[in-house]
Amino acid sequence: LEDLEIAEDTLVCFTSDHGDLLGSHDLYGKDKPLEESIHIPMIFRYPGTFERSDPTDAFAGLTDLLPTFLASCGVDIPDHVHGQDLSPYLRGDGDDPPRSVYVEGKLTTESWRCLRTDEYMIAVDRDLESRHLYDMDADPHQLNNLAGDGIVAETEERLRETLIKKSFEYDDYY
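Residue numbers (this note's numbering): 117 to 290.
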């Protein structure tokens with residue numbers, strides 16, 4: 117980019133595919149609603165436009181790339197495009213950072229949808245039944261599945277309802 121003299125006017129994003137569990141939870145592969153599988157890096161650089169330079173724990177997903185790229189280039193985001201425009205936050209003039217992300221997963225035998233927030237991670241199956249629920253503050257390694265635990269029933273139902281609303285926002289009627 118520097119050799120072409122366009123480094124100062126080019127938006128660059130570094131990211132990756134979702135991770136592999138590599139034996140965590142005694143599992144291998146990916147596509148499980150667990151932090152090691154859903155967490156990916158995302159780094160943006162757009163000199164003179166994106167002012168943030170500090171690492172952040174803001175939530176973002178791959179579906180957020182298109183609306184962010186379009187808005188950053190001054191292009192209107194079509195109504196049918198899913199995801200959130202991260203450019204206000206990256207420019208440094210947005211409100212609080214995104215505090216949740218909707219994640220889709222589908223395996224041959226198990227389909228799931230997940231909502232990851234600051235405090236919790238919940239995943240539901242095809243029938244919208246909670247299969248995974250973790251308190252990420254108290255249990256960051258996801259060792260104690262709280263799904264169906266009556267002690268957190270209100271929290272579980274609130275998160276499940278939020279996840280279902282998100283699925284409709286993404287036209288995900290699986």
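The beta-carbon is built from N, C-alpha and C at its ideal position, and this holds for glycine as well.
- Segment contact: the region 134-141 against the region 240-249, fewer than three CB-CB distances shorter than 8 Å; contact not assigned.
- For Glu277, the enclosing alpha helix (DSSP H) has its first and last residue at Ala269 to Glu285.
- Excluding five sequence positions before and after Asp234, the CB atoms of its chain that fall closer than 6 Å to its own CB belong to Arg215, given in chain order.
- Pro183 sits close to Ile193, with the two beta carbons spaced by under 7 Å.
- Judged by DSSP in its simplified three-state form, Ile122 adopts coil rather than helix or strand.
- Restricting attention to Arg232, Leu117 and Asp195, the CA atom closest to the CA of Ile156 is found in Arg232.
- Here the alpha carbon of Asp180 sits roughly 33 Å from the alpha carbon of Asp265.
- Using a Cβ distance threshold of 7 Å, Ala263 and Arg274 do not count as a contacting pair.
- Counting along the chain, no alpha helix (DSSP H) covers Ala239; the unbroken beta strand (DSSP E) around it starts and ends at Tyr236 to Asp241.
- Distance from the CA of Glu167 to the CA of His198, rounded to the nearest whole angstrom, comes to 25 Å.
- When the alpha-carbon of Asp287 is set against those of Phe175, Tyr218 and Ser169, the nearest one is in Tyr218.
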